[in-house]
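A.B. asks:
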Amino acid sequence: MPAFDVAYVREQGQSMVIVPLDGQFEHKSEATQRKVAAELQVRAAAAGLAGKVVLMWRAGSRTRFIAPPQWHAFFRSIDLSWVAMNINKRLSW
11 MPAFDVAYVR EQGQSMVIVP LDGQFEHKSE ATQRKVAAEL QVRAAAAGLA GKVVLMWRAG
71 SRTRFIAPPQ WHAFFRSIDL SWVAMNINKR LSW
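In this note's numbering, the protein residues as written are 11 to 103.
(1) Going by the DSSP bridge assignment, what does Ile76 pair with across the sheet?
(2) Taking the straight line between their C-alpha atoms, what separation do you get for Lys62 and Trp92?
(3) With contact counted as at least three CB pairs below 8 Å, one residue from each stretch, are the segment 50-58 and the segment 79-86 in contact?
(4) DSSP on Ala60, reduced to helix/strand/coil?
As structure tokens, then:
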């Protein structure tokens, strides 16, 4: 059963479940990316983690993410090192 280390944080008054993913995630179709996000949202809720799931991964020299538009400025200001330092929960698939 796959497991994901996540950073469960509260920023901008919002609970966020930030899931760092392998750079290969970049090559998945948008439909697959959305499906993974939806499944992780269900898993986060089942684990008692309130808040929106945000996926982050490295694509070349850039950090990419799937997050609500109002959070984009925040996610452009952090990177996967920040996420790694804030890992505090684990989700099982």
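All C-beta atoms, glycine included, are put in the ideal place defined by N, C-alpha and C.
Every value quoted in this text rests on a predicted model; they were computed, and no experiment measured them.
C.D. replies: Judging by the given coordinates:
(1) Taking the sequence shown and counting its residues from 1, the one referred to as residue 76 is at position 66. Note: Ile76 sits in a beta bridge opposite Leu65.
(2) One-based indexing of the sequence shown puts residue 62 at position 52. One-based indexing of the sequence shown puts residue 92 at position 82. Lys62 and Trp92: Cα-Cα distance of roughly 18 Å.
(3) no
(4) For the purposes of this step, residue 60 is taken as the residue at position 50 of the sequence shown. DSSP places Ala60 in coil when its eight states are reduced to three.
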